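Single-structure report; data block below.
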Amino acid sequence: MPAPTTEIRTAHVQVPNGDLKIDAYLAKPASTDPAPAIIVIQEIFGVNAHIRDITERFARLGYVAIAPAIYQRLAPGFETGYTADDVKLGRQYKEQTKAEELLSDVRATVAYLKALPTVKPDAIGCIGFCFGGLVTYLAATLPEIKAAASFYGAGIPTWCPGGGKPTLAYTADIKATLYAFFGMEDASIPPEHVDQIEAELQKHQIPHRLFRYQGADHGFFCDQRASYNPDAAADAWEKVKELFSHLQ
Numbered sequence: 001m002p003a004p005t006t007e008i009r010t011a012h013v014q015v016p017n018g019d020l021k022i023d024a025y026l027a028k029p030a031s032t033d034p035a036p037a038i039i040v041i042q043e044i045f046g047v048n049a050h051i052r053d054i055t056e057r058f059a060r061l062g063y064v065a066i067a068p069a070i071y072q073r074l075a076p077g078f079e080t081g082y083t084a085d086d087v088k089l090g091r092q093y094k095e096q097t098k099a100e101e102l103l104s105d106v107r108a109t110v111a112y113l114k115a116l117p118t119v120k121p122d123a124i125g126c127i128g129f130c131f132g133g134l135v136t137y138l139a140a141t142l143p144e145i146k147a148a149a150s151f152y153g154a155g156i157p158t159w160c161p162g163g164g165k166p167t168l169a170y171t172a173d174i175k176a177t178l179y180a181f182f183g184m185e186d187a188s189i190p191p192e193h194v195d196q197i198e199a200e201l202q203k204h205q206i207p208h209r210l211f212r213y214q215g216a217d218h219g220f221f222c223d224q225r226a227s228y229n230p231d232a233a234a235d236a237w238e239k240v241k242e243l244f245s246h247l248q
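Residue numbers (full-length UniProt numbering): 1 to 248.
Structure (structure tokens):
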């Protein structure tokens, strides 16, 4: 695990992906020593203050962290809060995404990180929340992603961006060690969906841990949402640090 630090550098950058330029928020330690890297995948609300804060938290732990805007094709610069109207708009954009484009953007972000002199090229992880939790489940199939933390990604057993087989059907292709986090009061993820995810991970012998938080709702990790659960969030953060501590 890299050495924690209080001194970090942040910047708004662009990740090239062919003709597309993906806006991204980069946070890294002030040190120039090579470090593992973490890709932070947004909720449906864009790369907002919550996602930027998580990116900075990783940088203070000694990681290079980057949050690419996965709605870049649909709504450049999109960032919003958590009202009912915000949720409606964020979901509209989510429904227009395609798995192959999302994975292409993650690959481009990996390439961007590998080109940084302060990144250990074979030590890249991914974490995502809400819709980003589902995207992270897909990203875990990429060989460059060594560890993945998926938080309350709804629809994994039933849906995949752009259509086709559900996200769960890609489980056999997962290359990363996967940690998955769910709140058991989450109306968007029935308990049977959590059981199906765990069963598939076990069936295909994917290195994983799955965590069920009793009394926790969707978005329990986000301290800017009414559903924030500080106990569940604190425990999950310790599990995340454990997962990424193995990046070498």
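By construction, the Cβ of each residue, glycine as well, lies at the ideal position given by its N, Cα and C atoms. Just so you know, these numbers come straight off a predicted model, no measurement behind them.
Where do the ends of the alpha helix (DSSP H) carrying residue i lie?
i, result
"S104", "A99 to K114"
"G90", "A84 to E95"
"Y137", "F131 to A139"
Start and end of the beta strand (DSSP E) containing residue i?
i, result
"K146", "I145 to F151"
"F221", "Careful: F221 lies outside any beta strand (DSSP E) and carries neither H nor E."
"R212", "H208 to Y213"
Check whether the Cβ atoms of residue i and residue j sit closer than 8 Å, and answer yes or no.
i, j, result
"T10", "R60", "no"
"G163", "G128", "no"
"P4", "G62", "yes"
"P36", "F244", "yes"
"E40", "I66", "The residue you asked about is not Glu; residue 40 is Val in the sequence shown. In this structure, I66 lies closer than 8 Å to V40 by Cβ."
"Q92", "I70", "no"
"A123", "K146", "yes"
"G155", "A232", "no"
Below 7 Å CB to CB, which residues in the same chain sit around residue i once its five sequence neighbours on both sides are set aside?
i, result
"R225", "Y82 and G219"
"L116", "V64"
Quick one, which of the options has its alpha-carbon nearest residue i's?
i, options, result
"T158", "E192, P76, H50 and A232", "E192"
"A172", "A49, I197 and E79", "I197"
"T177", "T136, L20, I51 and I22", "T136"
"P76", "L89, T167 and D23", "D23"
"D33", "I8, E101 and T97", "I8"
"F181", "K146, E144 and G132", "G132"
"V119", "S104, F211, D195 and A30", "A30"
"P161", "I44, T80, T97 and T109", "T97"
Excluding sequence positions up to five away, which residues of its chain have a Cβ less than 6 Å from the Cβ of residue i?
i, result
"M1", "S245"
The ligand GDP and residue i: does the residue's C-beta get closer than 7 Å to at least one heavy atom of that ligand?
i, result
"E43", "Ligands are entirely absent from the displayed structure, and the ligand GDP is therefore not among its contents."
Short of 8 Å in beta carbon distance, which residues of its chain neighbour residue i, apart from the five on each side in sequence? Order them along the chain.
i, result
"K94", "I44, F131 and P161"
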